[in-house]
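Comments concern the structure below.
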Amino acid sequence: MMNKRVLMFKCPTCGEDIHTEVDLSEMRKEEGGIYSLTIVHGTENPHIVIVYLDENGSIRGVESFDKVIALNIERTERMAMMIAGKKSSETRSVEGYSVKVSICPKLKSPDLIRKVKNPIEARILAQCDGRHTVDDIKSRTGLPMEIVLFTISKYANKKWIRYVSVIKKRTD
Numbered sequence: 184m185m186n187k188r189v190l191m192f193k194c195p196t197c198g199e200d201i202h203t204e205v206d207l208s209e210m211r212k213e214e215g216g217i218y219s220l221t222i223v224h225g226t227e228n229p230h231i232v233i234v235y236l237d238e239n240g241s242i243r244g245v246e247s248f249d250k251v252i253a254l255n256i257e258r259t260e261r262m263a264m265m266i267a268g269k270k271s272s273e274t275r276s277v278e279g280y281s282v283k284v285s286i287c288p289k290l291k292s293p294d295l296i297r298k299v300k301n302p303i304e305a306r307i308l309a310q311c312d313g314r315h316t317v318d319d320i321k322s323r324t325g326l327p328m329e330i331v332l333f334t335i336s337k338y339a340n341k342k343w344i345r346y347v348s349v350i351k352k353r354t355d
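Okay, structure coming up:
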């Protein structure tokens, strides 16, 4: 049985009204009685809004992070490239070649992990090697996205983390 509820609240960052629908039956599967709903909000200045709900779907808290949305930006670009054959020195132009550019967090020095006392934060920082996106880190650690984003933004503010662009080639 689908038990849905419409939530209406103001965004703490931009002040806009947000209307979203949640499925209470999915929420009730979570243990602990509190459920968090993450919403990417805003078009000009995108930010993340986290809404905390109880088992009845009532809002218990709203918070937003306006600086961490840039951690997980990906774009796909179509471009023409010159490709050289393996056994020849000639190149040929190939149309429709697409490249995926991802922004990945990278810890400035792996030695910094030893200074972190919290084992969950250390586990997240160990994945910040410049090759994994925030989604990859979330999947590899098995932690909720809110904790991953909060931890990465915390150490980015301390200047322990910088962001690198990773280009992954793919053809369509």
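Under my numbering, the first residue of the sequence shown is numbered 184, with each subsequent residue one higher.
C-beta: ideal position from N, C-alpha, C; glycine also.
Only a predicted model underlies this, so the values are computations on that prediction, with no experimental measurement involved.
| Query | Result |
| --- | --- |
| Please classify P288: is it buried, with 16 or more other beta-carbons within 10 angstroms of its beta-carbon, or exposed? | buried |
| Measuring alpha carbon to alpha carbon, tell me which residue in C311, E238, I303 is nearest L207. | E238 |
| Among V331, I320, I330, C311, which residue has its Cα nearest to the Cα of Y346? | C311 |
| With a threshold of 16 other CB atoms inside 10 Å of the CB of K341, please say whether the residue is buried or exposed. | exposed |
| Who are the near neighbours of V192 in its chain, counting only those whose CB is closer than 8 Å to its CB and skipping five residues on each side? | Correcting the residue identity first, residue 192 is Phe in this sequence and not Val. Cβ neighbours of F192 beyond the five flanking positions: D200, I201, V234, I242, V245. |
| Which residues mark the beginning and the end of the alpha helix (DSSP H) in which S322 is found? | 317-324 |
| Is I330 near I344, with beta carbons less than 8 Å apart? | no |
| Pick out whichever of P229, S247, S219 has its Cα sitting closest to the Cα of C194. | S247 |
| Closer than 8 Å, CB to CB, is N239 near chain D or not? | No chain D is present in this structure, which holds just one protein chain. |
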